[in-house]
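A short worksheet on the structure shown next.
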Amino acid sequence: MKESAVHNDNLDGRSPSTRQIYLASTTAEIWHDLVEGAEQEMQLSLEHEVEGYLVMTLIRYQNYAALKTHLLALDYLNAHGVGGQVRQQRLQQLGDISLLFGGLYPEQADRRMVSHDYFIKMGKSAYAAASMGAKQAIAEMFVKLSENFIALTQVLRVVHDYTAEQRPDLLEAWDLWSGMGDRDAWERLSHNGAVVPVTVAGHA
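The numbering of the sequence shown is our numbering, which starts it at 6 and goes up by one.
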């Protein structure tokens with residue numbers, strides 16, 4: 006488990022811009038590889054739990070078409086208009102989307118005519134508010150997300166820079182190959198330097 010905030014070791018000597026994406030068996034491994042590569046490039050080491058949450062968030066919201074329809078100000082009002090677990094869930098979602106807009110999709114700031122600080126302030130505030138009244142372990146995670154929000158957006162910005170031209174094409178291709186065995190998708194992945202298993206989910 007990685008505990009320190011910063012380290013100076015580049016584990017494999019490769020940055021995301023110079024290494025291949027090694028696809029093993031799931032979309033989760035794609036995102037995990039990209040996040041770890043971004044950390045290495047930044048000489049930053051996120052805590053294991055925080056890194057895991059970031060990867061799961063990327064998986065949960067990988068449907069960008071649906072993600073970009075969110076109006077954060079409205080989400081904020083909806084979150085504070087309810088109580089209990091529903092409030093916590095809405096605040097968590099607000100924090101997650103603010104994190105993605107602030108890091109992985111920075112173009113959203115221009116499209117919405119807001120500054121990048123808007124997403125940072127919204128996300129930090131949402132996670133901090135979500136921690137209130139939550140069970141201890143969950144509350145501690147939300148506090149960590151709030152405190153490390155800027156570092157998390159910086160990691161996602163490196164991922165964005167690396168995948169700007171390939172996302173969402175490669176992830177879409179991976180879904181088609183792993184789920185349906187689509188040969189055209191396999192060709193797209195191979196052409197872009199991805200090391201694709203010969204068989205995935207029973208597909209040869």
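Cβ atoms here follow ideal geometry from the backbone N, Cα and C, with glycine treated the same way. All figures in this text were calculated on a predicted structure; none of them were measured in a lab.
Take the Cβ of ALA74 as the centre, count every other Cβ of all protein chains shown within 10 Å, and call the residue buried at 16 or more, exposed below. Locating residue 74 in the sequence shown gives position 69, where the first residue counts as 1. Sequence inspection shows Thr at residue 74; the Ala mentioned does not correspond to that position. Per the 10 Å Cβ criterion, exposed.
Taking the alpha carbon of TYR154 as the point to measure from, which residue in THR168, LYS129, GLN141, MET118 has its own alpha carbon closest? On the sequence shown, residue 154 is found 149 positions in, with the first residue counted as 1. Tyr is not the amino acid found at residue 154; the sequence shown has Phe there. Measuring from the Cα of PHE154, the nearest candidate turns out to be LYS129.
What number of angstroms, rounded off, separates the C-alpha of GLN90 from the C-alpha of ASP189? Against the sequence shown, residue 90 aligns to sequence position 85. Against the sequence shown, residue 189 aligns to sequence position 184. Distance between GLN90 and ASP189, taken at the CA atoms: about 44 Å.
According to DSSP, is ASP189 part of a helix, a strand, or is it coil? As a working note, residue 189 is residue 184 in the sequence shown. In the structure shown, ASP189 sits in a helix (DSSP, three-state: H, G or I).
Shortest alpha-carbon distance to LEU104 belongs to which of GLY88, TYR58, ALA139? As a first step, residue 104 must be located in the sequence shown, where it is residue number 99. Nearest C-alpha to LEU104 among GLY88, TYR58, ALA139: TYR58.
Would you tell me roughly how many angstroms separate the C-alpha atoms of VAL203 and LEU77, rounded to the nearest one? In the sequence shown, the residue the question calls residue 203 occupies position 198. In the sequence shown, the residue the question calls residue 77 occupies position 72. Interpretation of VAL203 is limited by its pLDDT of 41, a score under 50 that renders its predicted location unreliable; the figure taken from the coordinates is listed afterwards. Straight-line measurement puts the Cα of LEU77 at about 42 Å from the Cα of VAL203.
Three CB pairs or more closer than 8 Å across the segment 107 to 118 and the segment 130 to 148: Under the 8 Å Cβ criterion, the segment 107 to 118 does not count as touching the segment 130 to 148, having fewer than three qualifying pairs.
Would a check of beta-carbon distances place VAL91 closer than 8 Å to chain C? No chain C is part of this structure, which consists of one protein chain only.
Sort LEU39, MET47, GLU44, HIS53 by Cα distance to ILE64 and report the nearest one. As a first step, residue 64 must be located in the sequence shown, where it is residue number 59. Nearest of LEU39, MET47, GLU44, HIS53 to ILE64, Cα basis: LEU39.
Residue range of the unbroken alpha helix (DSSP H) whose run includes LEU77: By 1-based counting over the sequence shown, the position of residue 77 is 72. LEU77: member of the alpha helix (DSSP H) spanning 77 to 85, first to last residue.
If you draw a straight line from the C-alpha of GLN48 to the C-alpha of LEU161, how long is it? Residue 48 sits at position 43 when you count from the first residue of the sequence shown. Residue 161 sits at position 156 when you count from the first residue of the sequence shown. One C-alpha to the other measures close to 14 Å.
Using only alpha-carbon positions, find the residue among GLY88, PHE106, ALA84, ARG95 that is nearest to GLN67. Translated into positions along the sequence shown, residue 67 becomes position 62. It is PHE106 whose Cα lies nearest to the Cα of GLN67.
Can you tell me where the alpha helix (DSSP H) with LEU104 in it begins and where it stops? Numbered from its first residue, the sequence shown carries residue 104 at position 99. It spans 89 to 108 - the alpha helix (DSSP H) in which LEU104 sits, taken as one unbroken run.
Alpha carbon to alpha carbon, how far is GLN141 from TYR110? Residue 141 sits at position 136 when you count from the first residue of the sequence shown. Residue 110 sits at position 105 when you count from the first residue of the sequence shown. Their Cα atoms are separated by approximately 31 Å.
Look up GLN141 in the DSSP assignment and say whether it is helix, strand or coil. Sequence index remark: in the sequence shown, residue 141 carries index 136 (1-based). Note: GLN141 maps to helix in three-state DSSP.
Is the beta carbon of LYS126 closer than 8 Å to that of GLU52? The residue labelled residue 52 in the question sits at position 47 within the sequence shown. The residue labelled residue 126 in the question sits at position 121 within the sequence shown. No; because the gap between Cβ atoms is not below 8 Å, this pair is not in contact.
Exposed or buried, GLU145, counting other C-beta atoms within 10 Å across all chains shown (16 or more means buried)? The residue labelled residue 145 in the question sits at position 140 within the sequence shown. With fewer than 16 other Cβ atoms within 10 Å, it is exposed.
Mark HIS165 as exposed unless 16 or more other C-beta atoms lie within 10 angstroms of its C-beta, in which case mark it buried. For the purposes of this step, residue 165 is taken as the residue at position 160 of the sequence shown. Flag for HIS165 reads buried.
Along the alpha helix (DSSP H) that carries VAL119, what are the first and last residues, could you check? On the sequence shown, residue 119 is found 114 positions in, with the first residue counted as 1. Careful: VAL119 lies outside any alpha helix (DSSP H) and carries neither H nor E.
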